[in-house]
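Residues 3 to 191, numbered by my numbering, are exactly what the sequence shown covers, in order.
Input: a single structure, listed below in structure tokens.
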Amino acid sequence: MTFNLMIAGVGGQGTVLASKLISAAAMKKGFDVRTTETIGMAQRGGSVFGHCRIGENIFSPLIPLGKADALIAFEPSEAVRQLAYIQKNSTVLVCDKVMSPVNSSYELKEMIDYLKKNAPKLIMIDSQRLANQNPKTLNVTLLGAAAQSGIFPFDAQTLKEVLPEILPQRLLEMNYRALELGREVIINS
3 MTFNLMIAGV
13 GGQGTVLASK
23 LISAAAMKKG
33 FDVRTTETIG
43 MAQRGGSVFG
53 HCRIGENIFS
63 PLIPLGKADA
73 LIAFEPSEAV
83 RQLAYIQKNS
93 TVLVCDKVMS
103 PVNSSYELKE
113 MIDYLKKNAP
123 KLIMIDSQRL
133 ANQNPKTLNV
143 TLLGAAAQSG
153 IFPFDAQTLK
163 EVLPEILPQR
173 LLEMNYRALE
183 LGREVIINS
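Below, the structure is given as structure tokens:
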């Protein structure tokens, strides 16, 4: 079994931290994990994406085109940008809040329409439901939603258990709340 996950966003949204949390949760469950991210563009506002491969005997961190089982995107245009990596039956979880990459602008409706047409299983997270949330925890909120929707080969409790292994104590409570908010968005949808 190999689970291939693409993570896409804009620099400053926490894509690299999300990848670390996913990796730690998968390793806690006994899986081999290989990851890689684009860190050259990870400055605030640049396009960022990462590959996360989970399973047994994983030797390369790179996911071949058309082989991702899921895509988690923190921003609609970044979801569209990475669609070439997904398979015919992949799940795409995306937040509908626009945070355009540097030197880019687009119409949200066009991107969402494109995703609805081209993403096999689309889970659109309504950013209005996250309006009161700290924007710095959007990444953990989306991971909570992904875990609750069954995307990962582990559950939300495993993600919760690894938060103190990765984050400083002072950030734990807000991230626990973010994880639960993500789960609630899926439960109440």
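C-beta atoms are modelled at their ideal positions from N, C-alpha and C, and glycine is treated no differently.
Cβ-based burial, residue i [other Cβ within 10 Å; buried from 16]
i           : result
residue 191 : exposed
residue 86  : exposed
residue 3   : exposed
residue 78  : buried
residue 59  : exposed
residue 184 : buried
residue 112 : exposed
residue 109 : exposed
residue 117 : buried
residue 84  : buried
residue 16  : buried
residue 172 : exposed
Nearest candidate by alpha-carbon position, reference residue i, set the options
i           : options               : result
residue 9   : 181, 167, 111 and 80  : 80
residue 12  : 118, 55, 93 and 137   : 137
residue 140 : 108, 180 and 169      : 180
residue 182 : 126, 127 and 142      : 142
residue 90  : 96, 100, 75 and 69    : 69
residue 169 : 20, 14 and 15         : 20
residue 100 : 187, 62 and 128       : 128
residue 76  : 147, 173, 172 and 159 : 147
For residue j and residue i, believed in contact at Cβ under 8 angstroms, the rounded distance
i           : j           : result
residue 1   : residue 92  : Past the edges of the chain, shown from 3 to 191, lies residue 1, and the structure says nothing about it.
residue 94  : residue 119 : At roughly 12 angstroms, the Cβ-Cβ gap does not stay under 8 angstroms, so residue 94 and residue 119 are not in contact.
residue 18  : residue 52  : 7 angstroms
residue 189 : residue 144 : Actually they do not touch by this definition, with Cβ atoms about 15 angstroms apart.
residue 61  : residue 155 : In fact, because the Cβ distance is near 18 angstroms, the residues do not count as touching under 8 angstroms.
residue 50  : residue 40  : 6 angstroms
residue 149 : residue 161 : 6 angstroms
Proximity test, residue i beta-carbon vs the ligand FMN heavy atom, cut-off 8 angstroms
i           : result
residue 132 : Looking at this structure, you won't find the ligand FMN or any other ligand, since it has none at all.
9 angstroms Cβ cutoff, residue i in contact with chain B
i          : result
residue 16 : Absent from the structure is chain B; it holds one protein chain and no more.
Next on the checklist: Pairs of beta-carbons, one from the stretch 157-165 and one from the stretch 15-32, closer than 8 angstroms: are there three or more?
Outcome noted: yes
Checklist entry - Going along the chain, which unbroken runs of the alpha helix (DSSP H) with 4 or more residues stay wholly within the stretch 97-158? => result 110-120 and 140-150
Item to check | Whole alpha helix (DSSP H) elements within the stretch 55-105, 4-residue minimum | outcome: 78-84
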